[in-house]
Structures are given as C-alpha cells and as structure tokens.
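In what follows, a single structure is set out as structure tokens and then discussed.
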Amino acid sequence: MNKPGILLFVCAWCCVSLCASARPPLMEIMENLGNIGTDGHPNLSFDIVDTSEVSDLARLGFAFKLVHRVAASHGRSARTEWQIPCLRTTVHLDGKGDLIWIAPSGRIVRFRKFEDGFAKGNDGSEAKASGENEIEITTSSQARWKYRDGFIETISDWKGIYVFTTDRESILSIVRKGHDRDDPVLEVLYTDKGLLSGVRLSGGKTSRFRWSPDHRLLGVEGPSGELNFEYENALLASWRLADGPLNTLKWKWLESMRLVAFQKPPVLLAEDSFYNYEWNRRDGIDILVIRRKTGSFLSETRFGPAGMEQRTPYGTTRFSFPRRKN
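Rendered as structure tokens:
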C-alpha cells in the first residue's frame, strides 16, 4: 500500500505561509485541491449563526463556524471532531519564554521573549505584562485584549468594552458595557455532560446542537436550517443541510507506523460528492491526482520535502517552503 509521509509537515508549512504572506502561488495551489487541504482532509465548515447578527464580534475576529477536523484515535484509528475556534481563547508562555496567543480565529500568534518584554507578534500585534498574571495584547486595529491567568477578561476598542465570563479557556458569555446599561452579546449553553447545546446571540436566536449517547454531533439547528451528520467507523460519512442534496465522503486508510508515531490520523479523503482523490507515492514524493465526478482532470499535486508542484490544464505552479531559521 502506498504510504504518504511528506504530508506530515506540508500542512504546517502551508498554514504558516498562508497566514504570514498569502503568496499567490500557494493560494493558486490551494484553490486547485478540490475540497481538501494539504493534510488530505476535508475543508469543511458551516456558519452556526446568522452572520448579520455578529458584526461587532466579527470585527474583533470572532467567526462562528463549525469546523471539521480529523484526529488520531486509539488503536491506530481516526475520528471526526468538530470545533468552533471562536469559543476558546488563551495566552500562555512556552518553554522558551515566548508568549503564545491562541486567538478566537484559531490563529496562533507568537510573541518572542525580548529583553524585559516581548517582540511584536507575527501579525503585528503587541503584548505586555500589565500586572501579576495579567497580559494585555493590542492588535493592529488598536483593540486591547486583557487576559488574567491565561484566560480572557475584557476586550476594549472604539465601540466599547466587552466583558467575558469564562470557564478557563471556554467562553460562556460576553456583555458589552454601556453608559446606562449592559447589553448581552453572546451566551454559550452546555449540557450537564459538558457538551455544547446552544449558542445565543443578542438578537435572541439560538443555534442548537444534538448529540448521540456516545458524544457524536448529530445535527445543528442553525441559520440556514437543520444540518445533519452521519458517521461510519467514527469518521464523517455524509452531511445534509436542510432539504439540500446528500453530501457523501469516502476515506482511504493508511498503514503507516510513521503516521501513528507522529500522532497523525491514518486516513486521507478518497472521494466526496464532487471529486475523486487518487493518492500515490513514488520516489519519496507524495502525489495527489484530483478528478471531477464527470471524469475530467482538475490537478496533479506533488508534495516534496522542499515544496509543492501542481499541474493543471492551465499550467504548472510551484511553491517552495521557507527555510527554517536556526
């Protein structure tokens, strides 16, 4: 069996490069990967609230999206996980003393330790210790984020002050402080087992979540109607939005000890409702050929240790990974 291995670190380089520079060649390659990312897993996300109701929070970087992830499981297996990154945010120091900010967008911003403080983050924001166990981050838009013991307390910008109630890294509610009154902005509801049960915005609408007895997400009642999921061997097998078409997924299982050793899920997407994904490995290079369901050719992408090369009917695009700094 072919065993893609270079994909282990390709995904990490792509995430960093897209966030840092958004180079056109990389963007072009990503646009011709069908419905997957460089990790070989589906690029699948859904809005869980009406985007017109979150203008203030969207301005601050909160995107209320349910995001599909594949995680390694016990017994050399894999499982689907669902995440809503904007409902969690933290700061912490790593082993080098650098400050790591996990923003509600899901982006990880690093502030390198520098003399008595921190250098600017890789997104242009600044961080400083403003008191005992307190960190203040000022973004390029001049919004100030205050954390205590690693957890968010307030955000202030030109529109006001937002006060957070949290359970450690998990956001439970947000209130906007006003001159005469406090206005609820967000409330997050959980079951007695700690599963997300609802997200309620200031407009009063609540998106609700349904779970199976073994804690698999079965459905979401959201702004576009009912969203339903089905699973096979713990992996997402199909999804349907309201009365729309059934979207199916099929997986390719790998037998690679290296994937297990690196705690990478031993699966790649082989097929969805629009594309077939053909995975091969030759001379140490991972090769992905994507064809539309009609049979027409979309792209062939080669993942090597130094970069990626993609061939489409319109030409060839190359992207080199940035060299690691010592």
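Residues -22 to -1, 1 to 304 (mature numbering (1 follows the signal peptide of the UniProt record, and there is no 0)) are what the sequence shown spells out, left to right. Glycine included, C-beta positions come from ideal geometry on N, C-alpha and C. Fair warning: this is a prediction, and the values are worked out from it, not measured in the lab.
Asked: Residue range of the alpha helix (DSSP H) that includes R37; Found: 33 to 37
Asked: Integer-rounded CB distance, given that I130 should sit under 8 Å from L65; Found: L65 to I130, Cβ: 11 Å. No contact.
Asked: Length of the line joining the Cα atoms of K98 and L11; Found: 34 Å
Asked: As assigned by DSSP and simplified to three states, the class of L44; Found: strand
Asked: Limits of the beta strand (DSSP E) - the one that I78 falls within; Found: 77 to 80
Asked: Alpha-carbon to alpha-carbon, S202 and K74; Found: 45 Å
Asked: C-alpha distance - L173 paired with G262, whole-angstrom precision; Found: 43 Å
Asked: With 16 other Cβ atoms within 10 Å as the buried cut-off, status of W136; Found: exposed
Asked: Beta-bridge pairing of H52 - partner residues as DSSP gives them; Found: Looking at the DSSP assignment, H52 forms no beta bridge with any residue, so it has no partner.
Asked: Start-end ranges of the alpha helix (DSSP H) lying completely within the segment 184 to 249, minimum 4 residues; Found: 235 to 239
Asked: Beta strand (DSSP E) segment containing E93, residue limits; Found: It is not in any beta strand (DSSP E) - E93 carries neither H nor E in the DSSP assignment.
Asked: Terminal residues of the beta strand (DSSP E) in which L167 lies; Found: 160 to 168
Asked: Closest residue to P191 among G200, E204, D170 (Cα-Cα distance); Found: D170
Asked: Residue of S83, G15, Y125, L4 minimising C-alpha distance to K43; Found: S83
Asked: Extent of the continuous beta strand (DSSP E) run through L150; Found: 148 to 155
Asked: Neighbour-count burial assignment, G95, 16 or more Cβ in a 10 Å radius; Found: exposed
Asked: Identity of the residue in S108, R301, E104 nearest T116 by Cα; Found: E104
Asked: Own chain, CB closer than 6 Å to Q152, minus 5 neighbours either side, in chain order; Found: Residue identity differs from the one stated: residue 152 is Ile in this sequence, not Gln. Contacts found: Y140, F142, V163, L164.
Asked: Segment limits, alpha helix (DSSP H) that includes E9; Found: 2 to 9
Asked: Distance CB(V177)-CB(I26) smaller than 8 Å; Found: yes
Asked: Whole-angstrom C-beta distance between R280 and I265, which should lie under 8 Å; Found: 5 Å
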